Each structure stands twice: as C-alpha cells, then as structure tokens.
Amino acid sequence: MDNFRFGTWMVAIILCAFSPIKTAFADQTDIIRPEKTALTVTTMSPKMMEWDNTLLATGNIVAWQEANVSTEASGLSITRVLVDVGDKVDKGQLLAELQNHTLESELAQASAELVQAIAQREEARADAERARKLQKSAALSAQQITQYLITAKIAEARVKAHEAKVSSAQFRLSQTQIVAPDVGTITIRQATLGHVVSPGDILFKLNRQDRMEWRGELPSNELAQIQPGQKVKLSINGQDVVTGQVRQVAPTVDQKTRNGLVYVDLPDAPSIRAGMFASGNITISQRKGLAVPLSALLLQDGAAFVSRVGPDNKIVQTKVTVGSQVDGWVPILNGLQPEDSIVVSGVSFLSEGDSVRIASHQAD
C-alpha cells in the first residue's frame, strides 16, 4: 500500500514539473506567429472617356484595280523586257518591245505607195480642171471631159485607200511597243524574251495608281449599320497598321454564308501588301463611359476582374464586363461606379480580403 502511494506521488510530481515547459513553448509559438503584411498599392478611380462603337470584320487586302497589259499583235516575238515585278511605272512608259522589222518595212512600203497615189491624184486633178475650162470651147468631147473627171475621183479614192494602209501599218507597228496604261506597280510579269505572242496574251498586270483596298466581310444583319465615309482601323497580327475609310457596301450577300463585303479605301503605306489578311474595327458611332488601364484587369476563367479597395482598405475582387481595349485603356460596361477606388497594377498578387496600404491615388 505504501509503495502504491509513493508511485502515485512521483507521477504527480513529474507531470507538474513538465507543465510549465509546455506552457512556455505554447506562449513562444504565439509570439513568433507572423501577421500578414499589408501590400503597398497605387489606386485610381475609373476614368470617364469617349469610345468608338465598332463592328469587327475580317478580310483580305487587295489591289483596288488590276489592269491587264496585253497586245493585239500576232506571230511576233518579244525582243526586250524592260520592267519586272515590283517596278513602279508611269502612264505610257515602255514595258516591252516586240520584233518590228517586218512591220517597219510594211509601213515604209505603204508610205511610199501613198506618196505615189498623192502625186497621181494631183495630176488627175489638174487634168480635170483643164477639161472643165475647155468644156465651152468644144475642144474636148463630153465623153473625154467626163473621163478626166472620173479619173480625178478615182485618184482621190486611191489616196484614201493608201492612207488607210499607212494607218493600219502604223497601228500594227505601235502594237510592238507595250506601254503602261496607267501609273502603278507591276504585280505580274509573264513576258519573256523570245516568246511569240498571240492576240490577247496578257504580258503584265499592273496595280493601278498603287491604290489598295480592304474587303471586310460582315454578317448581313450588321451591313445596315455601315455607311460610306466611316473610319476603319486595320490590324494585322494584332498590330494596328493603317486607318482607312469605307467607300461602299456590296449590294448583295453571299447565299451560302449570308455575309456581305465592305469596300474600304486604304492610304499608301509600305506596311501593307496585296494578299494580306487583316481584321478591321469599323467605327459606327461614339459613346462615353468608364474605363480603366489594361494593367488594372485580372483575367481569370474567361472573366475580367478588378481589385477594388474597400473602406477598410481590404481588397474586393470585383467582376466587370469590358469592351475592346484601345491605346492601353479598357471600357468598363458594367461592374464599377465612378467613385470606386481600384488598384492600378500588380493585381495578380492580390487576393480577396487582402489588406493594402495606399501609397498614392492617381487623379484623372
């Protein structure tokens, strides 16, 4: 019995001895537990801005008008090619030449025959005039006088026939000179040395006046909002390239896709080429609304959020509806009020309920 009491007292003493140690460790743990540090942020209120209401379309950049440069000559070979693809040319500039020796000979012969016909006509005219003067003197019979007058008319007709031959020879010779029909840039060259041409052969293609246009494709229900003169900002691979202007809207739509074309005139710009695919924002109207910097947005699970600072300086992750960003600013269509205070940048490091310290508040 005494041994049992002694053991019980020993256990109690040991437990009492370790109790202060446990309490001390517990107190020490409470002391070293760190509190979350408030992040320093810069805030601003949504800015009231004027925005363009736009319609997005896609399409190809093409030449405004492409001229076919061909010839009416037949059986002649190309002897000179003076331009190549990409060359800029002036109206009437020589592009290529065809073999012309035979045609030059034909023109020379026709010209000589014309000179001879003119001389014969002058002689016949003189004979006819003398015959008229002798008509009253009875020196010539009426039959002879008539013959002289007819000969003069025949000589006149021969001159006209030879003039036509000369004109024809000159025209055929001119067809050996392939010239540019307008100012522009050569886009296709099919002319090669030694090639024997046929009537209608296309030797070159020319982008007239170097004018380019964009043909944007829109659903038929949006075409009614497009008017000539509206501004269009084109983008290629997400980069703004050039601003154009609507020239006309196609009067019909594709029966399969139910889409229609918008024709947009483009300024001369080295960054655009025919055949490029581009997207375009067509400005149909303007409106005012709130906007925030792109850096203030957090995109998550297909939705957009801003980090709004509450009265207690705690973060409230607020879902917003946004429009298309322009020049680094994003229209807020729904979700914010003008007096709200939002974090400008670094929003990816913030979570709902985080405490923040406002370093500065940007004014509009």
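Taken in order, the sequence shown gives residues -26 to -1, 1 to 338; the numbers are from mature numbering (1 follows the signal peptide of the UniProt record, and there is no 0).
Yeah, the Cβ is synthetic: ideal placement off N, Cα and C, and Gly gets one too.
Source: prediction; values computed, not measured.
The count of Cβ pairs closer than 8 Å, one atom from the stretch 156 to 165 and one from the stretch 178 to 185, reaches three, so the stretches are in contact.
In the DSSP assignment, Q260 falls within the beta strand (DSSP E) that extends over 251 to 267. Leaving aside the five residues that flank Q118 on each side, the residues in its chain whose CB is nearer than 8 Å to its CB run, in chain order, A105.
Burial is judged here by how many other beta carbons sit within 10 angstroms of a residue's own beta carbon; G60 has fewer than 16 and is exposed. Taking the Cα positions, V140 is about 59 Å away from P193. Q274: member of the beta strand (DSSP E) spanning 271 to 274, first to last residue. Counting along the chain, the unbroken alpha helix (DSSP H) around L147 starts and ends at 116 to 148. In terms of Cα proximity to V215, the closest of A198, T16, L307, R247 is R247. In this structure, T226 sits away from Q149, with a CB-CB distance that is not shorter than 8 Å.
According to the DSSP assignment, S194 belongs to the alpha helix (DSSP H) that extends over 194 to 197.
When the five nearest sequence neighbours on each side are left out, the beta carbons in the same chain lying within less than 6 Å of the beta carbon of T16 are those of V318, A333, S334, in order along the chain. If you draw a straight line from the Cα of R221 to the Cα of W303, it is about 29 Å long.
Straight-line measurement puts the Cα of Q299 at about 12 Å from the Cα of G212. Residue environment analysis places T14 among the exposed positions, since fewer than 16 neighbouring C-beta atoms fall within 10 angstroms of its C-beta. The alpha-carbon separation between N74 and A41 amounts to approximately 25 Å. Each residue's CA atom was taken as its position, placing S111 and Q144 some 48 Å apart. Beta-bridge pairing by DSSP links Q222 to Y237. Residues of the same chain with a CB within less than 8 Å of the CB of T32, apart from the 5 flanking positions on each side, are G190, E191, F251, A252, S253, G254 in chain order. Contact holds between the stretch 160 to 169 and the stretch 47 to 60, because three or more Cβ pairs, one in each stretch, are under 8 Å apart. When the alpha-carbon of V223 is set against those of V206, I210, L197, the nearest one is in L197. In this structure, the straight-line span from the alpha carbon of D242 to that of Q67 is close to 22 Å. Counting other Cβ atoms within 10 Å of its Cβ, R282 reaches 16 or more and is therefore classed as buried. In this structure, N27 lies near Q260, with their beta-carbon atoms less than 8 Å apart.
With contacts defined by Cβ atoms closer than 8 Å, L307 and T295 form a contacting pair. Your pair D101 and A138 does not check out as a contact, with CB atoms roughly 25 Å apart and the cut at 8 Å. In this chain, L30 is not harboured by any alpha helix (DSSP H); it is covered by the beta strand (DSSP E) spanning 21 to 37.
With a 10 Å radius around the Cβ and a threshold of 16 neighbouring Cβ atoms, K262 comes out exposed. Residue range 176 to 182 is occupied by the beta strand (DSSP E) that includes L180.
Here R232 is exposed: its Cβ has fewer than 16 other Cβ atoms, across all protein chains shown, within 10 Å. Cβ-Cβ distances below 7 Å link A98 to T125, A126, A129 in the same chain, with the five nearest sequence neighbours on each side left out; the list follows chain order.
Assignment of S334 by DSSP, reduced to helix, strand and coil, places it in the strand class.
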